[in-house]
Amino acid sequence: MNDKAGGGPEQPRAIVVGHGEFAGGLVSAVGQICGLANELVVLSMMGMTPEDIEGAIREELARTGAKVIFTDLPGGSATIAARRIVKDQPGVVLVSGVNLATLLDFVFNTSVSPTEAARAAAERGKASLIVVGP
Amino acid sequence: MAIHLYRIDDRLIHGQVVVGWGQPLNVRFLVLVDDLVASSDWEKELYRMAIPPEMEIYFADVGSAIRDHPRYAGDPRPGLLVTGDIGSMHRLVKGVKAIGSVNLGGIHHRAGRAEKLRYIFLTPDEERQLRDLEAAGVEVTAQDVPSARAVPLPEVLEGESP
Chain A
4 MNDKAGGGPE QPRAIVVGHG EFAGGLVSAV GQICGLANEL VVLSMMGMTP EDIEGAIREE
64 LARTGAKVIF TDLPGGSATI AARRIVKDQP GVVLVSGVNL ATLLDFVFNT SVSPTEAARA
124 AAERGKASLI VVGP
Chain B
40 MAIHLYRIDD RLIHGQVVVG WGQPLNVRFL VLVDDLVASS DWEKELYRMA IPPEMEIYFA
100 DVGSAIRDHP RYAGDPRPGL LVTGDIGSMH RLVKGVKAIG SVNLGGIHHR AGRAEKLRYI
160 FLTPDEERQL RDLEAAGVEV TAQDVPSARA VPLPEVLEGE SP
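Next up, the structure:
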């Protein structure tokens, strides 16, 4: 399944893919917070073979021209598929372990290339994980 | 026996394996049995980077997995063995002769396969190999995650939802 989230005129800059409804939920939250969900394409990998996942990501990269892939689990099949793509498309960047803070930072950072924005967003995402209490 | 789960899953290493089963079984080593992966340094590195630091991973083709199975089985740590296809597990079970149960974890749609469960699609030849395993005394069940019911093979082949 793929779904262009948002519907605005801008070309998507990244693909978000994960387990279950994770990607759709995360991108929906981006839309609710700042209205920039149309920067992102949602891919769900439910019921797909590894080859199907890889093919779907490649197709969306080609269709949109996006250069960034966000995935959920570092050990998940979407990440495995994305790593195969990064191997033969050197201009594409993968960020695994994506969270909402990462995506928000990414969609707002339009002053640099999408791949640079992805690297900066990953740092913001790491910093957003905090523990409060004993 | 140190290997707590013998799983067939066409995604090999992924979330359900590493987290879904890995955490409740306290898995400390994985054996990835796949002829193609075992022959490629790049593929091995790809999967090695997908596992958490507390787990160790071994790569083997079917032949070497049969040879090294006593070492895996004698490992004091909890382990999980995965193959990407039914044929590899069939060869492994026939070669080892000490595997009592096989878990069908994810065999997805491809041309020639028919849907049995949401996550199990089989060709007639794959059905035959699974029946052959059961006839040899191996318990074959389908169960994608630990919280799901283990669906016995006859029920899987009937194509009923768990």
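Protein sequence lines correspond, in order, to chains A and B.
Position in the first sequence (first residue = 1) + 3 = my numbering.
Position in the second sequence (first residue = 1) + 39 = my numbering.
Each residue gets a CB set at the ideal place from its N, CA and C atoms; glycine is no exception.
Quiz item: Based on the DSSP secondary-structure assignment, which residues constitute the bridge partners of V98(A)?
Solution: F73(A)
Quiz item: Can you name the start and end residues of the alpha helix (DSSP H) that T67(A) belongs to?
Solution: 53 to 67
Self-check item: Cα-Cα separation between V19(A) and R127(A), rounded to whole angstroms
Solution: 17 Å
Quiz prompt | Buried or exposed (CB count within 10 angstroms, at least 16 for buried), G123(B) | solution = buried
Quiz item: So is Q62(B) buried or exposed if we call it buried at 16+ other beta carbons inside 10 Å?
Solution: exposed
Quiz item: What separation, rounded to the nearest whole angstrom, lies between the Cα atoms of G9(A) and P15(A)?
Solution: Residue placement at G9(A) is flagged as unreliable, the pLDDT there being 41, under the threshold of 50; the coordinate-derived value follows with that caveat. About 10 Å.
Quiz item: In the structure shown, what three-state DSSP assignment does K83(B) receive?
Solution: helix
Self-check item: alpha helix (DSSP H) segment containing H148(B), residue limits
Solution: Element bounds for H148(B): n/a, residue is neither H nor E.
Exercise. Would you please verify whether the beta carbon of G79(A) is less than 8 Å from any beta carbon of chain B?
Key: Chain B, which has a Cβ nearer than 8 Å to the Cβ of G79(A), makes this yes.
Exercise. Can you pull the chain A residues whose beta carbon is under 8 Å from the beta carbon of R157(B), in chain order?
Key: G50
Quiz prompt | Which listed residue (L64(B), D49(B), V56(B)) has its alpha carbon closest to that of H43(B) | solution = Selected option, being the one with the closest Cα: L64(B).
Quiz item: If you measure from the beta carbon of P93(A) to each beta carbon in chain B, is any gap under 8 Å?
Solution: no
Quiz item: Looking at the C-beta of L76(A), does it have a partner C-beta in chain B at a distance below 8 Å?
Solution: yes
Quiz item: Residue ranges of each beta strand (DSSP E) run of no fewer than 3 residues wholly in the segment 96 to 157 of chain B, ordered along the chain?
Solution: 118 to 122, 140 to 145, 153 to 156
Practice problem: Examine the Cβ distances between the segment 116 to 135 of chain A and the segment 42 to 58 of chain B and report whether three or more of them are shorter than 8 Å. | Solution: Proximity of the segment 116 to 135 of chain A to the segment 42 to 58 of chain B falls short of the contact definition, fewer than three beta-carbon pairs being nearer than 8 Å.
Exercise. Pull out every residue of the segment 89 to 116 of chain B whose Cβ sits closer than 9 Å to any Cβ of chain A, in chain order.
Key: Legend: CB atoms of the segment 89 to 116 of chain B lying less than 9 Å from CB atoms of chain A belong to residues A89, I90, P91.
Self-check item: Per-residue contacts from P137(A) into chain B (C-beta, under 8 Å)
Solution: At a beta-carbon threshold of 8 Å, none of the residues of chain B lie near P137(A); the nearest stands roughly 24 Å away.
Exercise. My understanding is that L29(A) touches L106(A), with C-beta atoms under 8 Å, so please give their C-beta distance in whole angstroms.
Key: Your pair L29(A) and L106(A) checks out as a contact, with CB atoms roughly 6 Å apart and the cut at 8 Å.
Self-check item: Anticipated Cβ contact below 8 Å, Y111(B) with G118(B), distance rounded
Solution: 6 Å
Quiz item: Just checking my contact of D74(B) with H129(B) at CB under 8 Å: how many whole Å lie between their CB atoms?
Solution: 13 Å between Cβ atoms; not a contact.
Quiz item: Going along the chain, which residues of its own chain have a beta-carbon closer than 6 Å to the beta-carbon of A137(B), five neighbours each way excluded?
Solution: If we look at A137(B) and ignore the five residues flanking it on each side, it has no Cβ neighbours.
Quiz item: Cβ of D164(B) less than 8 Å from any chain A Cβ?
Solution: no
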